[in-house]
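Engineer: Sharing a structure below in structure tokens format, with a few things to ask.
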Amino acid sequence: MISTVSPRTIDELDAATPAAAPSAGGPELCVVVPTFNERDNVDILIQRLDQALQGIDWEVVFVDDNSPDGTAEHVRALGARDRRARCIRRVGRRGLSSACIEGMLSTSAPLIAVIDGDLQHDESLLPRMRDTLKQAPGKQAAGAQDAADVVIASRYIETGSPDGLSSDRRKRLSLFGARLARRLVKADVADSVSGFFMLRRELLDEVAPRLSGIGTKILIDILASAPRPLRVVELPYRFRARDRGQSKLDTFTALEYLLLLAEKVSHRYFSHRILLFGIVGATGVVVNLAVLRLLLMLGSVGFTAAESVATLVAMVSNFFLNNMLTYRDCRLVGWQAVRGLASFMGLCGLGALTNVAVARDVYELTGMWLVAGIAGAAIGALLNYALTSIFTWGRRP
Numbered sequence: 015m016i017s018t019v020s021p022r023t024i025d026e027l028d029a030a031t032p033a034a035a036p037s038a039g040g041p042e043l044c045v046v047v048p049t050f051n052e053r054d055n056v057d058i059l060i061q062r063l064d065q066a067l068q069g070i071d072w073e074v075v076f077v078d079d080n081s082p083d084g085t086a087e088h089v090r091a092l093g094a095r096d097r098r099a100r101c102i103r104r105v106g107r108r109g110l111s112s113a114c115i116e117g118m119l120s121t122s123a124p125l126i127a128v129i130d131g132d133l134q135h136d137e138s139l140l141p142r143m144r145d146t147l148k149q150a151p152g153k154q155a156a157g158a159q160d161a162a163d164v165v166i167a168s169r170y171i172e173t174g175s176p177d178g179l180s181s182d183r184r185k186r187l188s189l190f191g192a193r194l195a196r197r198l199v200k201a202d203v204a205d206s207v208s209g210f211f212m213l214r215r216e217l218l219d220e221v222a223p224r225l226s227g228i229g230t231k232i233l234i235d236i237l238a239s240a241p242r243p244l245r246v247v248e249l250p251y252r253f254r255a256r257d258r259g260q261s262k263l264d265t266f267t268a269l270e271y272l273l274l275l276a277e278k279v280s281h282r283y284f285s286h287r288i289l290l291f292g293i294v295g296a297t298g299v300v301v302n303l304a305v306l307r308l309l310l311m312l313g314s315v316g317f318t319a320a321e322s323v324a325t326l327v328a329m330v331s332n333f334f335l336n337n338m339l340t341y342r343d344c345r346l347v348g349w350q351a352v353r354g355l356a357s358f359m360g361l362c363g364l365g366a367l368t369n370v371a372v373a374r375d376v377y378e379l380t381g382m383w384l385v386a387g388i389a390g391a392a393i394g395a396l397l398n399y400a401l402t403s404i405f406t407w408g409r410r411p
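For the sequence shown, the numbering used here gives the first residue as 15, with consecutive numbering after it.
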């Protein structure tokens with residue numbers, strides 16, 4: 015059953031139920047809430063947590079991606095009156111999974127839950143998840159009486175339901191995503207794409223260096239990054255309909271999910287960034303050829319001039335697509351983008367020179383133009399990726 019909370023203000027809540035100060039050893043449970051434009055939901059969520067977690071020493075950490083609606087400022091104001099509420103405001107970084115990772119690593123609590131800030135998850139399940147995590151044998155425990163590593167709130171077992179998803183299409187996509195993950199990363203759970211779960215700190219410490227932090231499906235990232243078989247328990251719950259705000263799901267979110275699965279299946283031999291960089295590079299070839307064809311059709315432009323212009327246009331296209339997609343979480347804006355474009359074009363010029371040099375040497379050795387061309391392009395692309403990651407976007411490749 016979905017619990018409801020009467021609409022009271024935080025001041026009224028404080029008066030009715032004074033906030034318990036964290037114990038000397040820190041809270042037992044930390045609830046991590048990634049947010050973007052969820053200001054209107056903050057008060058309600060804290061009220062519901064207060065009602066659901068009676069008798070449990072808890073804190074809530076809102077990890078906000080610099081929401082323009084003032085979510086971070088609002089949480090800080092609440093935190094001044096209730097020490098259980100904290101906020102991490104991220105500037106220049108975006109993404110649900112990476113926000114969850116930062117929030118989980120910011121706490122010393124032995125138990126950590128992740129829940130969305132859109133009020134669609136049933137927070138009344140948290141005490142049962144906590145009790146299960148502390149006491150129940152795990153799904154893969156093979157008869158051993160060990161406690162579970164992860165407890166997942168599942169929409170796809172027993173009395174659970176995904177009815178809160180906005181459309182039948184969303185329901186089908188969610189179920190397909192869960193089944194796909196189950197096959198590709200061997201996550202033997204019914205709802206591996208759930209955004210509502212609880213885990214032990216020991217597990218977080220184990221997987222943290224292995225996490226990709228891409229996209230929105232942090233649970234898949236954790237399950238696929240574990241160095242050992244995990245003991246997993248799923249509890250059914252009914253996914254609520256959204257009352258406020260709008261879904262953050264878009265086409266690129268689905269692409270990020272597929273890239274995450276590809277990265278995990280390859281055991282991180284191919285990172286999601288290099289895969290996206292390669293896709294963007296392929297579009298650059300199309301742009302180059304299209305512009306070259308257009309200029310040559312004009313008749314008044316020579317081939318060398320046309321190819322030079324086409325190359326510059328392709329470089330500009332590649333920069334903005336990479337800035338928007340490949341490096342979405344550290345996107346350059348304003349004058350940073352202008353400087354980034356200049357850096358990107360200069361470094362890609364170096365990659366082009368390397369491409370030509372490698373292709374020439376391979377051709378001289380083998381006499382095979384196709385092999386030489388592919389070798390030069392591959393080395394040039396890898397060099398472009400490595401150099402621009404470091405010097406244009408400030409990220410380790």
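Even for Gly, the Cβ is constructed at its ideal location relative to N, Cα and C. Here the structure is a predicted model, which is why all the values come from computation and not from measurement.
#1: Please name the residue, chosen from V77, R107, E52, N51, that lies closest to V45 on a Cα-to-Cα basis.
#2: Taking DSSP as the reference, what is the three-state secondary structure of T121?
#3: By DSSP's criteria, C114 is part of a beta bridge. Which residues make up the other side?
#4: Distance check for V301 and A328, CA to CA, integer angstroms please.
#5: Using 10 angstroms around the beta-carbon of I115, count the other beta-carbons present and answer buried if the total reaches 16, otherwise exposed.
#6: I'd like the list of long-range same chain contacts for V385, defined as Cβ closer than 7 Å, with 5 residues on each side in sequence excluded.
#7: In the DSSP output, what is P223 paired with across the bridge?
#8: Which class does R409 belong to by DSSP, given the choice of helix, strand or coil?
#9: In whole angstroms, give me the CA-to-CA distance for A391 and C362.
#10: Provide the residue(s) that pair with W72 in DSSP beta bridges, ordered along the chain.
#11: How is A204 classed by DSSP in three states: helix, strand or coil?
#12: Quick check on this structure: which residue in L92, K278, V299, L217 has the alpha carbon closest to the alpha carbon of A324?
#13: For P250, report the span of its beta strand (DSSP E) as first-last.
#14: Considering only the alpha carbon of each residue, which of A127, F405, S331 lies closest to G295?
#15: Determine whether the beta carbon atoms of L309 and L289 lie at a separation below 7 Å.
#16: What residue range does the alpha helix (DSSP H) around L379 cover?
#17: On the three-state DSSP scale, how would you describe A162?
#18: Considering only their Cβ atoms, is the gap separating V128 from F211 smaller than 7 Å?
#19: Which stretch, first to last residue, makes up the alpha helix (DSSP H) that contains F317?
Structural biologist: Looking at the coordinates:
#1: Position 31 of the sequence shown, counted from the start, is the residue given in the question as residue 45. When V77, R107, E52, N51 are compared, the shortest CA-CA separation from V45 is found for V77.
#2: The residue given as residue 121 occupies position 107 in the sequence shown. The answer is coil: DSSP assigns T121 none of H, G, I, E or B.
#3: In the sequence shown, counting from the first residue as 1, residue 114 sits at position 100. DSSP lists no partner for C114.
#4: Residue mapping note: residue 328 aligns to position 314 of the sequence shown, counting from 1. Residue mapping note: residue 301 aligns to position 287 of the sequence shown, counting from 1. Straight-line Cα distance between these residues: approximately 6 Å.
#5: Counting from 1 along the sequence shown, the entry for residue 115 is found at position 101. Buried is the call here.
#6: What you label residue 385 is simply residue 371 of the sequence shown in a count that begins at 1. Take V385, set aside five residues on each side of it, and the residues of its chain with a beta-carbon closer than 7 Å to its own are V376, in chain order.
#7: Here residue 223 corresponds to residue number 209 of the sequence shown, with the count starting at 1. BP columns for P223 are empty, so no partner.
#8: For the purposes of this step, residue 409 is taken as residue 395 along the sequence shown, with counting starting at 1. DSSP places R409 in coil when its eight states are reduced to three.
#9: The residue given as residue 391 occupies position 377 in the sequence shown. The residue given as residue 362 occupies position 348 in the sequence shown. Going from the Cα of A391 to the Cα of C362 covers about 12 Å.
#10: Working through the sequence shown from its first residue, we reach residue 72 at position 58. L43, per the DSSP bridge assignment.
#11: Mapped onto the sequence shown, residue 204 falls at position 190. Residue state, collapsed to three classes: coil.
#12: Position 310 of the sequence shown, counted from the start, is the residue given in the question as residue 324. Closest by C-alpha distance to A324, out of L92, K278, V299, L217, is V299.
#13: Here the question's residue 250 lines up with position 236 in the sequence shown. DSSP places P250 in the uninterrupted beta strand (DSSP E) bounded by 246-250.
#14: As a first step, residue 295 is located in the sequence shown; it is residue number 281 there, counting from the start. Nearest Cα to G295 within the set A127, F405, S331: S331.
#15: To locate residue 309, count along the sequence shown from 1; it is residue 295. To locate residue 289, count along the sequence shown from 1; it is residue 275. The answer is no: Cβ separation not under 7 Å.
#16: Mapped onto the sequence shown, residue 379 falls at position 365. For L379, the enclosing alpha helix (DSSP H) begins and ends at 349-380.
#17: Here residue 162 refers to the residue found at position 148 of the sequence shown. In this structure, A162 counts as coil in the three-state DSSP scheme.
#18: On the sequence shown, position 197 is the one that residue 211 refers to. On the sequence shown, position 114 is the one that residue 128 refers to. For F211 and V128, yes; Cβs fall inside 7 Å.
#19: Position 303 of the sequence shown, counted from the first residue, corresponds to residue 317. Per DSSP, the continuous alpha helix (DSSP H) segment holding F317 begins and ends at 317-335.
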